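Below is one structure, written out as structure tokens; the observations come after it.
Protein chains: 2
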Amino acid sequence: MLIAQNGINEGSEAEVYGWVLSIREQKTISFIIVYENRKQVQLVINDKKLMSSQLKQNSVIWAKGIIKITDKAPNGFEIHVNSMKVLSKPKKLPPFNIMSRDIPTLDLRLDFRALDLRRPYNIDLFTLRSKVLHYFREYLISKDFLEVQTPKIIATASEGGAALFPLMYYDKQAFLAQSPQLYKEELIMSFERVFEIGPIFRAEPSRTLKHLSEAISLDIEAAFYKNEDLMDFLENMIKYVINKLYEKDSEALKRIKAPILDVSKKFPRYSYSEVVSWVNKNLEEIHEGDDLSSKHLEAFGNHVGGFYFIKDWPLKLKPFYIQPKDGDYSNSFDLMYKGLELSSGGERVHDPTLLRKGLKRSGLSAKSFKYHLEVYNYGMPPHGGFGLGVDRFMMVVTGVENIREVVLYPRDVKRLIP
Amino acid sequence: MLIAQNGINEGSEAEVYGWVLSIREQKTISFIIVYENRKQVQLVINDKKLMSSQLKQNSVIWAKGIIKITDKAPNGFEIHVNSMKVLSKPKKLPPFNIMSRDIPTLDLRLDFRALDLRRPYNIDLFTLRSKVLHYFREYLISKDFLEVQTPKIIATASEGGAALFPLMYYDKQAFLAQSPQLYKEELIMSFERVFEIGPIFRAEPSRTLKHLSEAISLDIEAAFYKNEDLMDFLENMIKYVINKLYEKDSEALKRIKAPILDVSKKFPRYSYSEVVSWVNKNLEEIHEGDDLSSKHLEAFGNHVGGFYFIKDWPLKLKPFYIQPKDGDYSNSFDLMYKGLELSSGGERVHDPTLLRKGLKRSGLSAKSFKYHLEVYNYGMPPHGGFGLGVDRFMMVVTGVENIREVVLYPRDVKRLIP
Chain B
26 MLIAQNGINE
36 GSEAEVYGWV
46 LSIREQKTIS
56 FIIVYENRKQ
66 VQLVINDKKL
76 MSSQLKQNSV
86 IWAKGIIKIT
96 DKAPNGFEIH
106 VNSMKVLSKP
116 KKLPPFNIMS
126 RDIPTLDLRL
136 DFRALDLRRP
146 YNIDLFTLRS
156 KVLHYFREYL
166 ISKDFLEVQT
176 PKIIATASEG
186 GAALFPLMYY
196 DKQAFLAQSP
206 QLYKEELIMS
216 FERVFEIGPI
226 FRAEPSRTLK
236 HLSEAISLDI
246 EAAFYKNEDL
256 MDFLENMIKY
266 VINKLYEKDS
276 EALKRIKAPI
286 LDVSKKFPRY
296 SYSEVVSWVN
306 KNLEEIHEGD
316 DLSSKHLEAF
326 GNHVGGFYFI
336 KDWPLKLKPF
346 YIQPKDGDYS
356 NSFDLMYKGL
366 ELSSGGERVH
376 DPTLLRKGLK
386 RSGLSAKSFK
396 YHLEVYNYGM
406 PPHGGFGLGV
416 DRFMMVVTGV
426 ENIREVVLYP
436 RDVKRLIP
Chain V
26 MLIAQNGINE
36 GSEAEVYGWV
46 LSIREQKTIS
56 FIIVYENRKQ
66 VQLVINDKKL
76 MSSQLKQNSV
86 IWAKGIIKIT
96 DKAPNGFEIH
106 VNSMKVLSKP
116 KKLPPFNIMS
126 RDIPTLDLRL
136 DFRALDLRRP
146 YNIDLFTLRS
156 KVLHYFREYL
166 ISKDFLEVQT
176 PKIIATASEG
186 GAALFPLMYY
196 DKQAFLAQSP
206 QLYKEELIMS
216 FERVFEIGPI
226 FRAEPSRTLK
236 HLSEAISLDI
246 EAAFYKNEDL
256 MDFLENMIKY
266 VINKLYEKDS
276 EALKRIKAPI
286 LDVSKKFPRY
296 SYSEVVSWVN
306 KNLEEIHEGD
316 DLSSKHLEAF
326 GNHVGGFYFI
336 KDWPLKLKPF
346 YIQPKDGDYS
356 NSFDLMYKGL
366 ELSSGGERVH
376 DPTLLRKGLK
386 RSGLSAKSFK
396 YHLEVYNYGM
406 PPHGGFGLGV
416 DRFMMVVTGV
426 ENIREVVLYP
436 RDVKRLIP
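Protein sequences appear in the order of chains B and V. Each residue of the first sequence is one higher than the one before, counting from 26 in the numbering used here. Each residue of the second sequence is one higher than the one before, counting from 26 in the numbering used here.
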């Protein structure tokens with residue numbers, strides 16, 4: 026908290042509440058960098074008596090002094106302190122120094138996550154994450170999408186029984202929602218265009234660099250949108266957010282050494298069949314209809330680079346609600362970034378008879394989807410949508426390789442604490 | 026979806042995609058009200074051949090025609106249709122007419138929620154809800170609060186063992202988060218001011234008009250905020266959101282007959298002891314230290330009216346993390362609206378030794394909070410915060426008496442579907 030009643034002006038008085046990031050003591054003068062609300066403020070202390078022995082890195086302090094404008098300080102000014110108090114001091118030696126060049130292992134850092142988040146890198150990273158959420162919402166609201174909140178405790182698996190967390194809901198069996206899929210589809214019947222940014226839960230039994238048991242998904246659903254409209258929308262939204270970051274947050278991006286993402290050109294759109302041909306020519310023999318392995322996707326991603334779509338997937342590789350196209354194919358797409366799947370979407374079935382066929386194809390019982398099927402009897406418009414992994418998008422923005430880096434308190438098969 | 030390439034101008038061509046809210050057929054002319062993206066558009070049809078027999082309420086249609094500006098139509102214009110197509114027609118007679126004056130029971134409406142949400146009342150209500158979320162965020166971001174997302178699957182109950190949903194997390198016991206309490210407190214250590222808007226889960230065994238098993242909570246936590254600062258902040262945020270609604274959304278508020286909320290004056294702040302005195306004088310004898318029953322709160326709320334705070338609660342009635350004040354009392358508050366609790370907050374303990382005492386007082390084991398206590402050893406600043414029930418706030422804004430009305434798919438002890 027910075028209180029500068031007359032603004033940041035040479036010679037005016039200011040108070041600052043914050044925690045100590047670093048202390049540099051010289052013979053007659055000391056420099057202290059304090060973090061106040063995610064911004065660094067430099068304190069200058071001339072009076073040795075003020076430098077309390079209790080003052081250490083990570084101490085929380087209050088200080089009062091006179092502002093001096095200078096280019097040498099982090100935010101263009103420093104405070105020449107004339108009084109100071111320690112409000113909270115560390116009781117223990119921290120397990121790692123947040124200013125060390127040797128970054129401890131991720132596991133150790135996650136064990137002490139609250140402290141790890143004090144690293145300047147993480148302050149920038151999570152400030153950027155908050156901005157990204159804001160820019161996504163800004164875009165969606167400007168396109169007249171309604172923000173909705175659907176239940177996370179549900180009675181039926183949205184996409185089949187795999188990877189679900191079951192729980193007891195009073196005296197009934199229930200599950201944590203894998204996605205807001207069925208709800209968002211039902212909602213476009215009334216609201217035409219909806220979005221949700223919220224948690225999704227997947228009981229992923231393996232531990233990879235790009236999967237979490239609890240993730241944040243940005244979901245949209247829109248009546249009357251065709252496959253190409255959806256890809257256009259997603260592409261424009263991504264470009265809006267990235268351009269906004271470059272416009273507003275370039276300093277923080279530079280500090281964390283984020284990669285420069287080129288979004289000046291149209292994202293290429295390859296059909297699944299084109300990717301199969303490329304794999305056959307460059308990697309190994311696979312067949313039309315086979316799923317693309319992560320090896321294939323990665324190789325193709327390195328070949329193409331940047332953002333691109335893979336569209337028109339075989340119907341059998343897609344969930345029951347995806348709209349068929351030309352028999353065995355579907356009106357669907359994945360948004361990829363160098364082999365990493367960021368989003369999956371497509372046109373949906375809106376005819377209840379066709380939806381029953383989809384359930385049968387996927388080996389699901391119509392009985393479990395009784396309520397959902399019933400809704401389709403009352404005039405469901407043609408529609409489509411996608412889900413975008415916010416955490417994965419943050420991996421792309423920040424350039425980190427482990428998804429746990431961009432989540433405050435990640436959850437995986439091994440990690441439930443903190 | 027409305028496509029009017031030359032804008033809404035007299036004589037220009039427009040296409041509209043939407044669903045039919047109502048049909049009024051006269052001898053030579055028909056009027057159709059279509060909902061396109063939550064806005065009503067009037068279609069005028071002169072050509073009887075165009076009025077297909079398939080066209081019913083709830084049909085989804087596409088229509089094309091010429092715009093005519095007129096005050097008589099819902100949005101100041103109507104479309105004189107020259108071609109029309111039915112894109113999706115109801116397969117079954119709906120269980121209730123969404124335009125009926127006799128509103129079906131809430132249970133029936135929730136059984137067919139997707140259809141119920143087509144009632145113009147609900148379109149307005151959930152549009153307002155989306156706006157309220159947006160205005161809250163606007164306020165919080167303007168005050169430099171960081172948006173965070175904390176895990177919903179947690180290892181330890183935040184506030185003791187009551188009212189938790191347990192689940193199996195791989196091979197471990199886990200719970201659904203009752204609140205982001207411990208996480209948001211830890212996060213202010215790095216980020217100073219944070220907020221989260223997300224689901225919370227409470228296994229409420231009873232079924233009341235103001236409780237849900239899954240609700241949306243707006244949580245803030247801020248370093249260096251005292252009890253009075255927190256009340257000021259909450260009061261100003263509520264006033265900002267309500268004034269913004271009156272400024273931007275007065276038409277929708279009028280249509281749903283929302284009550285007029287007076288937020289021109291400062292919200293009164295009563296101490297717990299003052300409320301006890303009032304109850305003793307006006308209702309029945311209770312003792313200093315007793316909890317206030319819903320009967321007491323309701324009577325006091327009717328006496329006071331509007332928004333008000335009850336502060337300085339006995340420490341023993343508050344969770345372990347609340348900061349003591351004058352021995353048996355605490356630096357805490359509830360924000361009330363006519364007897365309904367909307368928010369609960371206060372200053373928190375930041376000293377680990379005092380926090381251990383709080384746990385003991387609440388009958389909780391320090392062992393279960395090992396990780397959390399450890400964090401307090403590394404320089405936790407003084408801090409405070411509150412949680413605000415977004416659904417309850419929507420009850421106040423809309424004037425409905427049952428919290429289920431303001432939630433898309435409510436969850437309670439009896440309702441898990443849809």
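No residue lacks a Cβ here, since even glycine has one placed at the ideal position from N, Cα and C. These numbers were taken from a predicted model, which means no experiment stands behind them.
C-alpha distance - residue i paired with residue j, whole-angstrom precision
i, j, result
"V:R381", "B:E253", "58 Å"
"B:M193", "V:I178", "14 Å"
"V:K156", "V:L270", "8 Å"
"V:P129", "B:D274", "51 Å"
"B:S302", "V:F151", "48 Å"
"V:I241", "B:I241", "16 Å"
"V:F325", "V:V304", "7 Å"
"V:K73", "V:T53", "7 Å"
"V:F258", "B:I267", "32 Å"
"V:P407", "V:D376", "8 Å"
"V:T446", "V:I57", "Here chain V has residues from 26 to 443 only, and residue 446 of chain V is not among them."
"B:Q198", "V:I225", "19 Å"
"V:P284", "V:V422", "7 Å"
"B:K395", "V:A182", "35 Å"
Other residues of its chain near residue i: CB distance less than 7 Å, five sequence neighbours each side excluded
i, result
"V:I335", "Y295, Y297, V300, F358, D359, M361"
"B:R417", "K235, L365, L367, I428"
"V:N100", "K64, Q65, V66"
"B:S37", "A29, N31, I92"
"B:V329", "P293"
"V:L237", "D416, I428, V432, P435, R436, D437"
"B:R134", "D141"
Presumed contact (8 Å Cβ cut-off) between residue i and residue j, rounded CB distance
i, j, result
"V:Y265", "V:Y333", "The pair is not a contact, with the Cβ atoms about 18 Å apart (cut-off 8 Å)."
"V:K116", "B:N402", "4 Å"
"V:Y146", "B:T175", "About 20 Å; that fails the 8 Å criterion."
"V:M214", "B:A139", "5 Å"
"B:G371", "B:S387", "About 15 Å; that fails the 8 Å criterion."
Residue nearest to residue i in terms of C-alpha spacing, selected from the options
i, options, result
"V:E229", "B:D196, B:S108, B:P339", "B:D196"
"V:F411", "V:D141, V:L384, V:W44, V:Y346", "V:Y346"
"B:P344", "B:K395, B:N261, B:V374, B:L243", "B:V374"
"B:R280", "B:E50, B:A139, B:L112, B:I148", "B:I148"
"V:S108", "V:Y42, V:E430, V:H397, V:L237", "V:Y42"
"B:K89", "B:E103, B:L158, B:R49", "B:E103"
"B:D351", "B:Q67, B:D337, B:L286", "B:D337"
"B:E217", "V:Q67, V:F170, V:V85, V:D287", "V:V85"
"B:S319", "B:I245, B:T233, B:L389", "B:T233"
Three-state secondary structure (DSSP) of residue i
i, result
"B:G414", "strand"
"B:W303", "helix"
"V:E217", "coil"
"V:F137", "coil"
"B:D254", "helix"
"V:Q67", "strand"
"V:L433", "coil"
"B:S78", "coil"
"B:F56", "strand"
"V:E366", "strand"
"V:L243", "strand"
"B:A29", "coil"
"B:D132", "helix"
"B:F332", "strand"
Same chain only: Cβ atoms within 6 Å of residue i, ignoring 5 sequence neighbours per side
i, result
"V:R154", "M419"
"B:I222", "L243"
"B:Q82", "V45"
"V:V106", "L68, I70, A88, G90"
"B:Y60", "G43, W44, L46"
"V:V288", "K264, I267"
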